[in-house]
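If you're matching positions, the sequence shown starts at 1 in full-length UniProt numbering and goes up one per residue.
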Amino acid sequence: METTEGGALWGYCPCLVFGQSVCVSTGSLLFCPRCGTLLNLPQDGEADVTCEQCGHVESASSYENTEIVTRSDPDAFPSALRQKRKTQTKLHESGDQGTLVAEKCPSCGALEAYSKEMQLRSADEGSTIFYTCVACKHGWRINN
């Protein structure tokens, strides 16, 4: 066992190479090479970084030009919005498709479409007819 400058005991540390401390970083986090405490990032113009736990002083220049590359899986961070989008996706094939009518699709020109009529606006206004093309599944609506 060796003694630190402050008198604390510590054992072999892989962060020390021939008595010289080596900066230790994981991603964008910096750790004290002596005690492993998370260090504050050096501010612009600061010459040294001091560990608040053990008082070890590391040159801020040892952290310069350190390339940080991070990667994450799209599912690594759960998103309520992403989950809601997955659960509320509705396919045209499922459920009641509506009534088959002779209506020309503005997208592909097919002459058959499914139609559904709904009252979306106030009662004194006309209803809205939703069409879904049989061939290409394109959807459009007409306000009556």
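Note that CB positions come from ideal geometry on N, CA and C, so glycine has one too.
The structure displayed is predicted, hence computed values, not measured ones.
By Cβ distance below 6 Å, which residues in the same chain neighbour residue i in space, the five residues on each side in sequence not counted?
i, result
"Glu67", "none"
Do residue j and residue i count as a contact pair if the criterion is CB distance below 8 Å?
i, j, result
"Arg121", "Phe130", "no"
"Leu39", "Val49", "yes"
"Ala60", "Ala47", "yes"
Which residue from the options puts its Cα closest to that of residue i?
i, options, result
"Cys133", "Ala113, Asn143, Arg34", "Ala113"
"Arg34", "Gln53, Cys136, Asp48, Lys84", "Gln53"
"Leu100", "Ala135, His56, Cys32, Pro106", "Ala135"
"Cys51", "Gln97, Met118, Asp124, Gly36", "Gly36"
Can you list, in chain order, the residues of its chain whose CB lies under 8 Å from that of residue i, leaving out five sequence neighbours each side?
i, result
"Glu103", "Leu111, Glu112, Ala113, Ser115, Tyr131"
"Cys108", "Cys133, Ala135, Cys136, His138"
Leaving aside the five residues before and after residue i along the sequence, list all residues of the same chain whose C-beta is less than 7 Å from its C-beta, in chain order.
i, result
"Asn143", "Gly126, Thr128"
"Ser72", "none"
For a test of the three-state rule: what should DSSP assign to residue i, helix, strand or coil?
i, result
"Glu121", "Before going further, note that residue 121 is Arg rather than Glu in the sequence given. Arg121: coil per DSSP, three-state reduction."
"Leu30", "strand"
"Arg71", "coil"
"Ala60", "helix"
"Lys137", "coil"
"Leu111", "coil"
"Ala80", "helix"
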